[in-house]
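Enquirer:
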Amino acid sequence: MTRSLFCFFILFLTGTCAEAQTPHISGNVFISLKDGTLRADLEVSGLPTANRYFLRLNTGMAIRFLRDSTNTFNYSLQRACDTGKSAESCEYWLPAPDGKGRYLPGRFRISYVGAFPVHDDPALRSERGDWKGNIAFNGQTIRATEQSVWYPVILDPEEGRAYTDVTYDLTFHTPGAKAHYLNGSAPQYGPEVRFQTTTPYPLMLFAGDFDFKKERNTWLVNTTFTAGQALVVDGWFTKFRKYYEEHLQIPYGTDITLLASTPVSKRNNWMFVTYPTIASVSPDNWLNTLVDEKTMTISDSARLSFLAHELGHYYFGSVFRPNSTLHWAFLEGMTEYMSLLAVRDLVGKSYYDRQISQYVEASRKLTSFVPLGRISNTNEVNHTYRYQYIPLLMTALEQEFGQERIWQWLSGVLHTSGAKTDYVFFRESLLNSGIDPNAFKAFEERFLTSSNSLQDLLALFPAENSR
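When the letters of the sequence shown are read in order and numbered with mature numbering (1 follows the signal peptide of the UniProt record, and there is no 0), they come out as residues -20 to -1, 1 to 447.
Printed below as a string of structure tokens:
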């Protein structure tokens, strides 16, 4: 069996195509919820072959040493911090013996420690200042994600790939912690726990004072759902998962974990995905108000759109990881478009129509607009562009070429490995899906490259445009 066929087979079964070398992290992590400290003594192995690379670690971490795997000698590290590249991490590398290149051993030992603020008094918290990449101590829990880079992450700039997904064998020591959760494993009770997996995952860590339970196909971490409410949430998760599986012809993957957390600020309120975890960070316990206790239904249909979107990130975010100039268009835009279709078919067309109206209104306010075919850097795809304009553009594409063809295209994109997700890829992948070249050229000239493309797109939705 050729490697490409093998990867396709593995991708079809699991949603991932594992490289021959996947980083493996083992060792011990020591956490103080009271003092806001994290210390790690780790061994990292299974490293990729890379001529140019960076080892990234959170800016708040001080490296005690990086030693060879036999624990015989220390490596000499070079370090650089560039907030333009990463707001959360610094870059480290080992100079090659000839002084001209970089050396990356197959395995190494690393010890580091970091200290972070403990925001245990809500009255003293800033209005804002929490985000996915934060290492957040609130006095009761610690929350950290792959974006926090609380564990060593290898970056290969030539491939544009960060090895955030790792296998692991990690033991956590957290005095006073009631429970621990590490992405990819079932949560465990106790101040000292060990997590192991041979399947790579990005590492989201949550530890401290919380409870958890399993409801059919969904882990519920730090939520206060009743049994009935949990059943409603799991039911919708199952509906959305089956919908995506049927239309994309790719199995969804492992069970989802729904995690509730509070921010270390007063007003930050958002959701994010570190597959298979969907996390809500909310000062007003938003997640726990998701299901109306009296009617046992989702309290607001708009919240179903959020859930559909976050579940869709398994495909655009885990199965397929966009990069390059259209990173945001694929990561958020395609996910939002898929969630729009899911809500239309599973919730109702009236909500779908309201969403289209919102997309139109938001897109009308775009300034410094650049047509998709002329995007030259990721900053040109701002929040409105990725969350409102792209799904509206995809709706126009669907109207022109048919929903079935668009689903085929999305499935084809998800089966692509190592692509540079720029406009050339967008165009060629559409044509490879079977779209007529002449018809696409006409669509392209009107909606993808023209200086009037935004106005022409809005003109397709006159009813919504006039509201």
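Virtual Cβ for every residue (Gly too), placed ideally from N, Cα, C.
Runs of 3 residues minimum, wholly inside the stretch 181 to 231: which ones carry the beta strand (DSSP E) assignment?
Expert: The DSSP assignment places 185 to 188, 192 to 195, 198 to 201 as complete runs of the beta strand (DSSP E) inside the stretch 181 to 231, in order along the chain (cut-off: 3 residues).
Enquirer: Please report the residue range of the alpha helix (DSSP H) in which phenylalanine 53 lies.
Expert: Segment: none, phenylalanine 53 is in no alpha helix (DSSP H) and carries neither H nor E.
Enquirer: Kindly indicate which three-state DSSP category methionine 276 falls into: helix, strand or coil?
Expert: It is coil, neither helix nor strand.
Enquirer: Hey, tyrosine 339 and glutamine 368 are a contact pair by Cβ (cut 8 Å); roughly how many whole angstroms apart?
Expert: 4 Å
Enquirer: Helix, strand or coil, according to DSSP, for leucine 9 in the structure here?
Expert: Contrary to the premise, residue 9 reads as valine rather than leucine in this sequence. Three-state DSSP puts valine 9 in a strand.
Enquirer: Which same chain residues, not among the five before or five after isoleucine 386, have their C-beta less than 8 Å away from its C-beta?
Expert: Cβ-Cβ distances below 8 Å link isoleucine 386 to Met374, Leu377, Glu378 in the same chain, with the five nearest sequence neighbours on each side left out; the list follows chain order.
Enquirer: Could you check the C-alpha separation between histidine 363 and valine 213 for me, to the nearest Å?
Expert: 28 Å
Enquirer: Suppose only complete runs of 4+ residues qualify. What are the alpha helix (DSSP H) ranges in the stretch 261 to 337, listed by chain order?
Expert: Residue ranges of uninterrupted alpha helix (DSSP H) with 4 or more members, entirely inside the stretch 261 to 337 and ordered along the chain, are 281 to 292, 315 to 326.
Enquirer: Hey, leucine 46 and asparagine 38 are a contact pair by Cβ (cut 8 Å); roughly how many whole angstroms apart?
Expert: Going by Cβ atoms, the distance from leucine 46 to asparagine 38 rounds to 15 Å, so no, they are not a contact pair.
Enquirer: What does DSSP give as the partner residues of valine 173 in its beta bridges?
Expert: Phe152
Enquirer: Can you give me the C-alpha to C-alpha distance between phenylalanine 152 and glycine 170, rounded to a whole angstrom?
Expert: Distance between the alpha carbons of phenylalanine 152 and glycine 170 is about 10 Å.
Enquirer: Can you tell me whether cysteine 61 is buried or exposed, with buried defined as 16 or more other CB within 10 angstroms of its CB?
Expert: exposed
Enquirer: Return the chain-ordered list of same chain residues with a C-beta closer than 6 Å to the C-beta of glutamate 172, the five sequence neighbours on each side being excluded.
Expert: His153
Enquirer: Could you compute how far the alpha carbon of glycine 382 sits from the alpha carbon of tryptophan 389?
Expert: Their Cα atoms are separated by approximately 11 Å.
Enquirer: Since serine 241 contacts methionine 251 with CB under 8 Å, what's their CB separation in whole angstroms?
Expert: Your pair serine 241 and methionine 251 does not check out as a contact, with CB atoms roughly 10 Å apart and the cut at 8 Å.
Enquirer: Hey, glycine 40 and valine 98: beta-carbon distance below 8 Å or not?
Expert: no
Enquirer: By the DSSP assignment, the alpha helix (DSSP H) with glutamate 378 in it spans what residues?
Expert: Per DSSP, the unbroken alpha helix (DSSP H) holding glutamate 378 starts and ends at 370 to 381.
Enquirer: From this set, Gly292, Asn248, Thr237, Ile115, which residue's C-alpha is nearest histidine 227's C-alpha?
Expert: Gly292
Enquirer: Taking the alpha helix (DSSP H) that alanine 422 falls in, what are its first and last residues?
Expert: Unbroken alpha helix (DSSP H) run through alanine 422: 417 to 427.
Enquirer: Just the Cα atoms here: how many angstroms apart are asparagine 248 and alanine 124?
Expert: Looking at the two C-alpha atoms, the distance is approximately 16 Å.
Enquirer: Going by alpha carbons, who is nearest to aspartate 145 out of Lys246, Cys70, His160, Thr177?
Expert: Thr177
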